[in-house]
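Heads up, the sequence shown stops at 580 in the working numbering, and the numbers go up one at a time, no gaps.
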Amino acid sequence: MKFSTHAQSLQASYIREILSAASQPEMISMAGGLPAASLLPVELVRVACASLADNRQLFQYGNSRGYQPLLETLERWQPESTQPWLICNGSQQALDLIARALLEPGDHVVAEVPAYLGALQAFQLSGAALLPLLSSAAGPDLNQLEHYFKTTAVKLFYAVPDFHNPTGRVWSAETRIAVAGLCRHYGVTLIEDSPYRQLRFSGAQLSTVSELYPEQTIRLISFSKTGFPGLRVGAMSGPAEFIALAERIKQATDLHTGIPQQVIIDRLLNHPEYPKHLVQLRQGYHSRYQHLSAELHRQLGAQIEFDPVEGGMFIWLSLKGKSGAQVAARALAHKLAVVPGSAFYEQEAAPEDCHIRLNFSNTDTTLVEEAITRLAKSL
Ligand code: PMP
Numbered sequence: 202m203k204f205s206t207h208a209q210s211l212q213a214s215y216i217r218e219i220l221s222a223a224s225q226p227e228m229i230s231m232a233g234g235l236p237a238a239s240l241l242p243v244e245l246v247r248v249a250c251a252s253l254a255d256n257r258q259l260f261q262y263g264n265s266r267g268y269q270p271l272l273e274t275l276e277r278w279q280p281e282s283t284q285p286w287l288i289c290n291g292s293q294q295a296l297d298l299i300a301r302a303l304l305e306p307g308d309h310v311v312a313e314v315p316a317y318l319g320a321l322q323a324f325q326l327s328g329a330a331l332l333p334l335l336s337s338a339a340g341p342d343l344n345q346l347e348h349y350f351k352t353t354a355v356k357l358f359y360a361v362p363d364f365h366n367p368t369g370r371v372w373s374a375e376t377r378i379a380v381a382g383l384c385r386h387y388g389v390t391l392i393e394d395s396p397y398r399q400l401r402f403s404g405a406q407l408s409t410v411s412e413l414y415p416e417q418t419i420r421l422i423s424f425s426k427t428g429f430p431g432l433r434v435g436a437m438s439g440p441a442e443f444i445a446l447a448e449r450i451k452q453a454t455d456l457h458t459g460i461p462q463q464v465i466i467d468r469l470l471n472h473p474e475y476p477k478h479l480v481q482l483r484q485g486y487h488s489r490y491q492h493l494s495a496e497l498h499r500q501l502g503a504q505i506e507f508d509p510v511e512g513g514m515f516i517w518l519s520l521k522g523k524s525g526a527q528v529a530a531r532a533l534a535h536k537l538a539v540v541p542g543s544a545f546y547e548q549e550a551a552p553e554d555c556h557i558r559l560n561f562s563n564t565d566t567t568l569v570e571e572a573i574t575r576l577a578k579s580l
């Protein structure tokens, strides 16, 4: 059997591999980007799940665009936006549909690095060439971004402006305005991937970049972080012409997202206690973050550094010159799973990175002290 060149070039996700190691006995995992099992809103959907079997229609084929009541719920959520939605199998499928709809082999995609590997993989499968955009606590390097836009025919700019994976960073209001301005000036399509946006611990929500540049932004949302990752429900909105094309591609890919899981998400979003669930989730993750942050400072002191985060699920821990890959490998031997920074770069372009990503949403607080003791041994 001869595999396609693009498929062969797809690198295995280190995170998927480490997640299987993470299930070994006595392993403590800070590797995945999973919600806390205890905070999954199962009670809010118990009745909805039990009554699914009463409606046979929900087990028939449905529309590629999505389950109509869920589409209407999403429209009610964003009354200011007239852009249509397409329901997908997680936001991951939205990335795949975007790549199929917009990318030709050799097209250039700018992505902030380090980056969410699943997005890079989706673009690579279409044969796109990635242009890495450096970013820091101050945001993406706007000079480099403009340089790319000026000198290369950039097709897409992929960004996670809210609680980025893996760095946890948030773009300032000024950065959002500047990026929207640059994309508009150079006519570049922006993909605003925002699965963590709702997980803000406190403070005011900043405007989405898609609000500032609606004519050419595709916005991705996910119910994996606020609802249930196992149901695989996410959505994307964007210009009507693009959504219509993505719908046709989705039809060719999987016909439609399963209806029962869309019903469950719709009932969750419309449950009177859903806003309370979001508050509990934010508070729960905030206190987990504070606990981990305090333990890192207490046990590791000057050996590490990290920027405080205001939400999301991750701490991007600088090991101050020590190799993230070596520390992660030693941590595994001490039965602690963490993801090395190099896992968030394209394989050929992976630098000798001195970070590890620590997840705080899914780590049992009673295990955090022991986890950081293991990390201290690994350092
Ligand atoms: N985008 C980012 C930035 C992510 O971190 C993830 C998953 N961790 C996804 C997209 C995909 O999420 P899902 O398919 O579960 O919606």
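Quick reminder that beta carbons are idealized off the backbone N, C-alpha and C, glycines included.
Let me make sure I understand the geometry here. Which of the options has the alpha-carbon closest to that of residue i?
{"i": "F429", "options": "I219, H207 and G234", "result": "G234"}
{"i": "V434", "options": "N290, H498, G513 and Y349", "result": "N290"}
{"i": "P315", "options": "S519, Q500, K578 and A295", "result": "S519"}
{"i": "V311", "options": "Q294, S292, Q293 and P333", "result": "P333"}
{"i": "R149", "options": "Y387, E393 and G388", "result": "As displayed, the chain neither begins before 202 nor continues past 580, which places residue 149 out of reach and without an answer."}
{"i": "P541", "options": "N563, L421, W517 and A238", "result": "W517"}
{"i": "I299", "options": "D255, S373, S438 and L456", "result": "S438"}
{"i": "A237", "options": "N563, P440, R575 and L576", "result": "N563"}
{"i": "H365", "options": "L343, Q399 and A381", "result": "Q399"}
{"i": "Y414", "options": "V246, P440 and L432", "result": "P440"}
{"i": "F350", "options": "A339, G319, G382 and Q322", "result": "G382"}
Rounded to the nearest angstrom, what separates residue i and residue j at their Cα positions?
{"i": "A572", "j": "K356", "result": "43 Å"}
{"i": "S337", "j": "V248", "result": "45 Å"}
{"i": "P362", "j": "S423", "result": "14 Å"}
{"i": "R257", "j": "L296", "result": "31 Å"}
{"i": "K578", "j": "S230", "result": "16 Å"}
{"i": "W286", "j": "R531", "result": "45 Å"}
{"i": "Q345", "j": "S205", "result": "33 Å"}
{"i": "S616", "j": "T566", "result": "Since the first residue shown for the chain is 202 and the last is 580, residue 616 is missing from the structure and cannot be characterised."}
{"i": "S425", "j": "E570", "result": "27 Å"}
{"i": "F402", "j": "E506", "result": "21 Å"}
{"i": "L253", "j": "Q269", "result": "16 Å"}
{"i": "G522", "j": "V528", "result": "11 Å"}
{"i": "H498", "j": "F443", "result": "47 Å"}
{"i": "P476", "j": "P242", "result": "11 Å"}
{"i": "V246", "j": "S292", "result": "21 Å"}
{"i": "H386", "j": "L446", "result": "25 Å"}
{"i": "H348", "j": "E281", "result": "33 Å"}
{"i": "P396", "j": "Y317", "result": "11 Å"}
{"i": "G267", "j": "Q500", "result": "49 Å"}
Please list the terminal residues of the continuous alpha helix (DSSP H) segment that includes residue i.
{"i": "T390", "result": "From DSSP, T390 is part of no alpha helix (DSSP H) but of the beta strand (DSSP E) over T390 to D394."}
{"i": "S252", "result": "V243 to S252"}
{"i": "I378", "result": "A374 to Y387"}
{"i": "N344", "result": "L343 to T352"}
{"i": "L298", "result": "G291 to L303"}
{"i": "H487", "result": "Y475 to L501"}
{"i": "I465", "result": "I460 to N471"}
{"i": "F561", "result": "Unbroken run through F561: none, as it is neither H nor E."}
{"i": "K451", "result": "A441 to D455"}
{"i": "F358", "result": "F358 -> not in any alpha helix (DSSP H); beta strand (DSSP E) instead, spanning V355 to A360."}
The beta strand (DSSP E) spanning residue i covers which residue range?
{"i": "E313", "result": "H309 to V314"}
{"i": "A330", "result": "A330 to S337"}
{"i": "F515", "result": "F515 to S519"}
{"i": "T418", "result": "T418 to S423"}
{"i": "F545", "result": "Unbroken run through F545: none, as it is neither H nor E."}
- [ ] May I ask you to verify whether the region 262–277 touches the region 319–330, counting CB pairs closer than 8 Å and requiring at least 3?
- [x] no
Open item on the list: Check whether the region 433–452 and the region 473–492 touch, using three or more Cβ-Cβ pairs below 8 Å as the test.
Closed with: no
Open item on the list: Assess contact between the region 365–373 and the region 504–517, defined as three or more Cβ pairs (one per stretch) separated by less than 8 Å. Is contact present?
Closed with: yes
TODO: Decide yes or no for the touch test of the region 406–422 against the region 537–556: beta carbon pairs closer than 8 Å, at least 3 of them.
DONE: no
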